[in-house]
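One structure below.
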Amino acid sequence: MSGQNRSCGRLRCFRCRPIPDNPTDLAAYAYLLGLYLGDGHLVTTARVPVLRIYCSDAWPDLITRCEQAPRDVLAGAVQRVQKQGCVDVQSYGRHWLCLLPQHGPGKKHERPIVLVDWQKEIVTRFVGDFVRGLFHSDGCRFANRVSVRGKEYVYPRYMFTNESTDIMGLCQWALDLLGIAWRMNRRNSLSVARREAVAALDRHVGPKS
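Going left to right, the sequence shown walks through residues 27 to 235 as the numbering used here numbers them.
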């Protein structure tokens with residue numbers, strides 16, 4: 027690669043510029059970060075690092091949104107690789123290492139996951155997009171059925187499940203910023219069930235499709 031091309035690559039990565047900058051599309055980055063922390067991982071053993079995010083075949087629109095987010099942030103090319111029951115949305119690029127400093131060896135729940143200062147600033151400004159990425163990866167919206175004194179009630183409810191206590195903490199923090207009430211119903215599972223909280227989360231997330 028020529029010196030000119032290497033320079034172009036550095037300029038294309040907003041973190042590698044002489045004065046580090048933020049992505050042009052901050053909302054897309056916040057959304058992509060949420061997807062990555064949920065169902066994504068960064069493979070660094072290959073010659074060129076590859077970002078991979080897995081999406082269930084059941085959510086075709088989500089696959090399209092997941093494919094668009096890396097393009098809006100940095101990627102020149104994004105591929106879909108069909109797996110059994112899911113699609114691997116992947117993008118090769120040396121600078122994913124710069125943009126996703128949470129990468130590391132092993133599983134995410136076995137190592138610390140902490141946002142750096144510039145990421146915190148973006149997420150705070152575009153917290154709804156970050157929450158949408160989290161829930162689109164490791165969350166769901168469904169009809170909860172309960173029986174009280176023989177009468178059945180059905181109401182919508184959100185769940186977010188993740189084995190990483192750090193990622194769970196980021197989800198809690200983001201929901202607090204939005205003023206959305208939540209509770210832990212299991213060690214690794216968060217629930218949003220109050221009517222007004224579900225309505226508020228609908229404005230940012232909505233059901234998968």
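Virtual Cβ for every residue (Gly too), placed ideally from N, Cα, C.
Where S1 sits in the DSSP three-state scheme:
Any property of residue 1 remains undetermined from this structure, which presents the chain solely from 27 to 235.
Which listed residue (G195, Q145, L88) has its alpha carbon closest to that of D47:
Q145
Consult DSSP for R78 and reduce its assignment to one of helix, strand or coil.
strand
Give me, in chain order, the residues of the same chain whose beta-carbon lies closer than 8 Å to that of N214; leave out the 5 immediate sequence neighbours on both sides.
T187, N188, E189, M194
Determine the extent of the alpha helix (DSSP H) in which G195 is found, giving its start and end residues.
191 to 204
Could you tell me which uninterrupted alpha helix (DSSP H) segments, each at least 4 residues in length, are contained entirely in the segment 107 to 141, listed from first to last along the chain?
122 to 125
Please determine, among W208, A56, V115, the residue with the shortest C-alpha to C-alpha distance to E222.
W208
Is the beta carbon of S117 less than 8 Å from the beta carbon of V107?
no
If you drop the 5 nearest sequence neighbours on each side, which residues of the same chain put their C-beta closer than 6 Å to that of H162?
Here H162 has L88 as same chain residues with Cβ atoms under 6 Å from its own Cβ, once five neighbours each way along the sequence are excluded.
Rounding to the nearest angstrom, what Cα-Cα distance links H129 and V224 in this structure?
Cα-Cα distance, rounded: 32 Å.
How close, in whole Å, do the beta carbons of L68 and L126 come, if the pair is a contact with beta carbons under 8 Å?
6 Å
Can you find at least 3 beta carbon pairs, one from the segment 56 to 65 and one from the segment 148 to 167, that sit closer than 8 Å?
yes
At which residues does the alpha helix (DSSP H) containing R229 begin and terminate?
221 to 230
Report the CB separation of F152 from L52 in whole angstroms; it is logged as a contact under 8 Å.
5 Å
Roughly how many angstroms lie between the CA atoms of R167 and G205, to the nearest whole one?
In a straight line, the C-alpha of R167 is about 18 Å away from that of G205.
Whole-angstrom C-beta distance between V149 and Y184, which should lie under 8 Å
Beta-carbon to beta-carbon, Y184 and V149 are separated by about 19 Å, too far to satisfy the 8 Å threshold.
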